[in-house]
Amino acid sequence: MAICKRRWGRLFHAVRQKWAGMLVASVCLAAGVAAAGQTGHQGPRLDSITYVVSNPQIVFAAGDGIFKSTDGGASWVGLKTPLGYGQVVSDPHDPRRVVAVWSGQSSGAGDYLESLDGGGTWSHKHVVQKTRDVAGPFSHQLLMHPSRPGVWLVYGMGKLWTTQNAGASWEAGPDLGLARSRVNLAATQEAFYVHSSTQVWRSEDGKDWQSTGFPDGQELWAMEALSGDRVAVASRQGWWLRSAEGIWRPGPPSPTGESRSQLPWEQGPHPDAMGRHCRPVQSPADAAYLVASCAIGGFSSVPSSIQLHSFDFGATWSRIGGAGLPSNWSPSVIAPHPRDSRILLMAWASGRVFRSHDHGATWAASDGGVSIPRSVEYMDHGSIAVFPLLEYPRETRINQAVIADDLAAVRQLAAAGADLNERGPAGLSAVEWALMLGAHVDRPRRGDTMYWALRGLGAAVPSQEHANAKIVWRAVEHGQFGRVLEELLRSGWRLTAKLGEEQDTLLGDQAQHRCRNVWEGTGPKPCSSILAGRPLEAWIDLHLSRVPPGESAQLVLDLAALGQMPLAQRVASVDAGRYRAGSDVVRLMRELPTQASSLRRQILVAYRGRYGDVGAGGVLYWGLKEEYRTGDWVPDVLRHDRSIIDPKNAEILVHALLGSLNRPDWVKAIWAGKAGPQLTSEGRQAVLASVVLSCDGALVAAAAKAGLPLARTHFDTGESPMRAALGKCTAWDPAWLDPHLDQFHRAGLRLRTYELWDLSPDEAAALRRFPGRADYRSLGDCVMARPEEPAAQAAAPGAAWAPLGLSLPDGPRRSDASLRCLPVGSGAGVGLQLAPQLPSGHAVVQEVIAGYPADLSGIRPGDRIVAVDGISTRGVPWRQVPLRLKGKAGSRVALTVVREDGRRSTHRLFRQTLPGKPPMAIAEK
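Position 132, counted from 1, in the sequence shown is what the numbering used here calls 132; the numbers after and before it change by one each time, with no gaps.
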């Protein structure tokens, strides 16, 4: 039997005699999670205890694992199940079938475990077929019908799910409106019951449900099954009892003014024994005897509770707490025996289990097989994971002997033929346990004694490829087990190999774990000169003696991360020029600390003559991405590198050559294809675009000086280089932006005529602010004019824009009031609305305004505009096409269109002003 501590459950003050006969086969305790690893933690936390009703000698307990007792709870055996299953349900019709349900609510598909041999083997089951659309939560409650074999009930995803064949198949029940509601399940001898926040339903088979007619206006909290076909539900107004005849009557009232504050440990009976945080369960062996587990202390991670019992149907209550119980921590669950009310089992939050044969007057420890040996109580706090230790009750016998530091038992098991290399549920072998505990636990044989004893008995050396390699390495390093590390390196471990599935190597983990801020200053601060009790240099010598030449790239990086530059340079000199692949050199250039320029140059100089092997698309030049890298090795590489360079790496190289390296001669040579890596057309465009969008006037000037044709830069948006630069750099401070735009002007970059229509006020102001160009001062008032203020007309606008190389015969005008001073027509267009371009890359006519030029010339919706004034629109963003259609009223524009049937025609139209319509509305939707 089990008791549930549901914090939301409201209890009654007294249980009357008419409630006699309550039978609960097993109920889980949703106890708070105990803080694993706290001082005094002596075993796995247990959340529920469940008797097999047909054979009470068999008891299951669940929490941090599932455990089984065959002697009424005196001793336990850990079962091989995953952690996280907090409730065990025993089939009342088949004692061999046991189901384990996930603790709390799961977000899966109603997963549970099933055993058909009393817990010996388990199989994974689920209520709903797993798909991407299936999402929880599923309740931790699973009920088995006491009188209908194979009929089970569970709640999840806002629905009731039932099986008529012991889980072979599940089907959803009717929609009872349970979603987003407080739901509880109960099973009497005759039927299932379920309640929402306001109503209670009943079903005899889990499929057909009928309302029980619970009175309206009540908010329900909890439900308990009673004898026969009766249930009791708790509401804010008190408890209600449903009789066998189906009539609801008020039960005993709930207490008023209940307190949630933690009660003093010395206090006697709980003043609100039947309050909101307590729930009683009636012993099936004695109707007058009830026990209740009452949570106190709020929602602490370590459960605090007291256990109460009543001998008079709940009229009076007293505290359970006799001789033999611990003086610290508190109980987590209590369970009465199904046949003898005097026998109680109680699990303690510290992991202990106790049993009483006299209604709790005296207690004896009953945790054989689940308690953790005292030898590990002295573990360094926080040094190793607690969960592997909590796996002790389910560990192999050889591992249990190692954990208990029992060398005699280890030798005895080895002599009996025990598998010394078997891994337990924590995934650790005996030698791995020995190293981990030997390094972290203060016990008589602290150190590597147990490890060497196991090795002498034939246990295998741990593998660096196993998932636990990092645990082994940290234990060896923490325990300063130099002899063990030497054996590992001589048996196949490498300083440069990864630790199991981790990304770190031995030294890399050391750098991450123990060495921080090594390279914060101008030079490194050496870290970890001693490793496993011996000088680091000794381990480097051993490593180099056992690996072939040319495999030290990772070792150089790890040593640099430790700040051990003399050792890194020594290793680099040993492998100078002998790296098996150019990619190793590339990796060193990319991953070495930025301040390690001398080491970088040493590696490159040693590789001289084989730079062609390092090409790899120019990845080597990635090291130039950081502007404070000197890159004095670059010319040496360029003389030998004739590989095809990747566009991104070409950008980095050209920027460095034009910037910090100041080698425009090499840029000219590379651009002309005479020396250095080879540029593809895509790479050339990437370089030009990166310069244009750099917002760096000095870089633009250097590029122009080196002869880069910036005016030939192409953008996918169809913008001119000047327009793209304006859009990218306008937000910059004028002190940076203005010289940048001036350099564009000097390099021959110009706006296209139609792009003036798309300028923002800030962009137009930026053009006006060219240093020393008084021609643009007259545009200042126009740019800054507010919409409600008339703007003064600028004299000779064509002359004003002339320095940009623009010809404005039509006097382009933007609808924005900031540019109203430009003397052009008001909203002159051809009467079209365009839609986004088709996959062909052309804009398509979406609407033609009746009576205007496009309509009169025969252009129709669906026509594709393939050219404007003979210039193709393929690839031009559809939002820019309308800009080409605008102009002065009466000016002419030629549109080439293609019909849906493939017919092609050119229409010469005169722009016309559309009164009352903004310019963009007549040419763009």
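Here a beta-carbon is modelled for each residue, glycine too, at the ideal position from N, C-alpha and C.
Counterpart residues of residue 184 in DSSP-defined beta bridges: Here residue 184 is taken as the residue at index 184 of the sequence shown, counted from 1. Looking at the DSSP assignment, residue 184 forms a beta bridge with 195.
For residue 560 and residue 640, the rounded distance between their alpha carbons: Start at 1 with the first residue of the sequence shown, and residue 640 comes out as number 640. Start at 1 with the first residue of the sequence shown, and residue 560 comes out as number 560. Rounded to whole angstroms, the separation of the alpha carbons of residue 560 and residue 640 is 28 Å.
Residue 505 versus residue 402: straight-line alpha-carbon distance, rounded: Stepping through the sequence shown from its first residue, residue 505 is reached at position 505. Stepping through the sequence shown from its first residue, residue 402 is reached at position 402. So the two alpha carbons sit approximately 28 Å from each other.
Cβ contact check for the segment 142 to 150 and the segment 117 to 126: 3 or more pairs under 8 Å: Contact between the segment 142 to 150 and the segment 117 to 126 is absent, because fewer than three Cβ pairs lie under 8 Å.
For residue 293 and residue 305, believed in contact at Cβ under 8 Å, the rounded distance: As a position in the sequence shown, residue 305 is number 305, starting the count at 1. As a position in the sequence shown, residue 293 is number 293, starting the count at 1. The beta carbons of residue 305 and residue 293 sit about 6 Å from each other, so the pair counts as a contact at 8 Å.
The segment 460 to 468 / the segment 494 to 502 touching (three or more Cβ pairs under 8 Å): Contact between the segment 460 to 468 and the segment 494 to 502 is present, because at least three Cβ pairs lie under 8 Å.
Limits of the unbroken alpha helix (DSSP H) element including residue 744: In the sequence shown, residue 744 corresponds to position 744, counting from 1. Note, residue 744: alpha helix (DSSP H), 734 to 746.
Cβ-Cβ separation, residue 563 to residue 526 (assumed contact under 8 Å), whole Å: Taking the first residue of the sequence shown as 1, we reach residue 526 at position 526. Taking the first residue of the sequence shown as 1, we reach residue 563 at position 563. Contact flag correct, Cβ pair sits at about 4 Å.
CB-CB length for residue 911 against residue 828, believed under 8 Å: Numbered from its first residue, the sequence shown carries residue 911 at position 911. Numbered from its first residue, the sequence shown carries residue 828 at position 828. Right, their Cβ atoms sit about 4 Å apart.
Helix, strand or coil at residue 498 according to DSSP, with G and I counted as helix: The sequence position of residue 498 within the sequence shown is 498, counting from 1. Correct three-state label for residue 498: strand.
Residue range of the alpha helix (DSSP H) that includes residue 449: By one-based count along the sequence shown, residue 449 stands at place 449. Residue 449 -> alpha helix (DSSP H) spans 449 to 457.
Endpoints, beta strand (DSSP E) assigned at residue 126: Residue 126 sits at position 126 when you count from the first residue of the sequence shown. Its beta strand (DSSP E) spans residues 123 to 126.
Residue 728 - containing alpha helix (DSSP H), residue span: As a first step, residue 728 is located in the sequence shown; it is residue number 728 there, counting from the start. In this chain, the alpha helix (DSSP H) harbouring residue 728 covers 721 to 729.
Residue 637, DSSP secondary structure in three states: Locating residue 637 in the sequence shown gives position 637, counting from the first residue. Helix at residue 637.
Status (buried if at least 16 other CB within 10 Å, exposed otherwise) for residue 605: Numbered from 1 along the sequence shown, position 605 holds the residue referred to as residue 605. Burial call: exposed.
Beta bridge counterpart(s) of residue 68 as assigned by DSSP: In the sequence shown, the residue the question calls residue 68 occupies position 68. Checking the DSSP bridge columns, you'll see residue 68 partnered with 60 and 77.
For residue 404, three-class secondary structure by DSSP: Counting from 1 along the sequence shown, the entry for residue 404 is found at position 404. Note: residue 404 maps to coil in three-state DSSP.
DSSP bridge partner residues for residue 248 (one or two, in chain order): The residue given as residue 248 occupies position 248 in the sequence shown. Note: residue 248 sits in a beta bridge opposite 242.
Continuous beta strand (DSSP E) assignments of at least 3 residues falling wholly in the segment 888 to 916: Listed in chain order, the beta strand (DSSP E) runs fully inside the segment 888 to 916 are 892 to 898 and 904 to 910, counting runs of at least 3 residues.
Whole-Å CB distance - residue 511 paired with residue 457, under 8 Å assumed: Here residue 511 refers to the residue found at position 511 when the sequence shown is read from its first residue. Here residue 457 refers to the residue found at position 457 when the sequence shown is read from its first residue. Incorrect: roughly 36 Å between the Cβ atoms, too far for contact.
Status (buried if at least 16 other CB within 10 Å, exposed otherwise) for residue 399: Translated into the one-based positions of the sequence shown, residue 399 becomes position 399. With 16 or more Cβ atoms within 10 Å of its Cβ, residue 399 is classed as buried.
Span of the alpha helix (DSSP H) around residue 438: Taking the sequence shown and counting its residues from 1, one reaches residue 438 at position 438. Residues 430 to 440.
Given 8 Å, three or more beta-carbon pairs between the segment 215 to 226 and the segment 169 to 180: Between the segment 215 to 226 and the segment 169 to 180, the count of C-beta pairs closer than 8 Å stays below three; the two stretches do not touch.
Three-way DSSP call (helix, strand, coil) for residue 621 in this model: Position 621 of the sequence shown, counting from 1, holds the residue named residue 621. DSSP places residue 621 in helix when its eight states are reduced to three.
Per DSSP, cross-strand counterpart(s) of residue 970: This structure leaves residue 970 out entirely; the chain is present only between 1 and 925.
Straight-line gap, residue 514 to residue 545 (C-alpha atoms, nearest Å): Here residue 514 refers to the residue found at position 514 of the sequence shown. Here residue 545 refers to the residue found at position 545 of the sequence shown. If you draw a straight line from the Cα of residue 514 to the Cα of residue 545, it is about 27 Å long.
Beta carbon of residue 359 nearer than 9 Å to that of residue 341: Working through the sequence shown from its first residue, we reach residue 359 at position 359. Working through the sequence shown from its first residue, we reach residue 341 at position 341. Taking the C-beta atoms as reference points, residue 341 is found nearer than 9 Å to residue 359.
Beta-carbon proximity of residue 844 to residue 854, cut-off 9 Å: Here residue 844 is taken as the residue at index 844 of the sequence shown, counted from 1. Here residue 854 is taken as the residue at index 854 of the sequence shown, counted from 1. With contacts defined as CB atoms closer than 9 Å, residue 844 and residue 854 fail to qualify as a contacting pair.
Same chain, Cβ closer than 7 Å to residue 57, five either side skipped, listed in chain order: Reading the sequence shown from its first residue, position 57 is the one you call residue 57. Answer for residue 57: 70, 71 and 72, listed in chain order.
Close-in-space but distant-in-sequence residues of the same chain around residue 236 (CB under 6 Å, 5 per side omitted): As a working mapping, residue 236 is identified with position 236 in the sequence shown. Excluding residues within five positions, the ones whose Cβ falls inside 6 Å are 219.
Any chain D beta carbon closer than 9 Å to residue 96: The structure shown contains no chain D, having only a single protein chain.
C-alpha distance - residue 558 paired with residue 394, whole-angstrom precision: On the sequence shown, position 558 is the one that residue 558 refers to. On the sequence shown, position 394 is the one that residue 394 refers to. It is roughly 39 Å from the alpha-carbon of residue 558 to the alpha-carbon of residue 394.
Span of the alpha helix (DSSP H) around residue 488: If you number the sequence shown from 1, residue 488 lands on position 488. That run of the alpha helix (DSSP H) goes 482 to 490.
For residue 234 and residue 163, the rounded distance between their alpha carbons: On the sequence shown, residue 163 is found 163 positions in, with the first residue counted as 1. On the sequence shown, residue 234 is found 234 positions in, with the first residue counted as 1. In a straight line, the C-alpha of residue 163 is about 28 Å away from that of residue 234.
Three-state secondary structure (DSSP) of residue 714: Taking the sequence shown and counting its residues from 1, the one referred to as residue 714 is at position 714. Coil, per DSSP.
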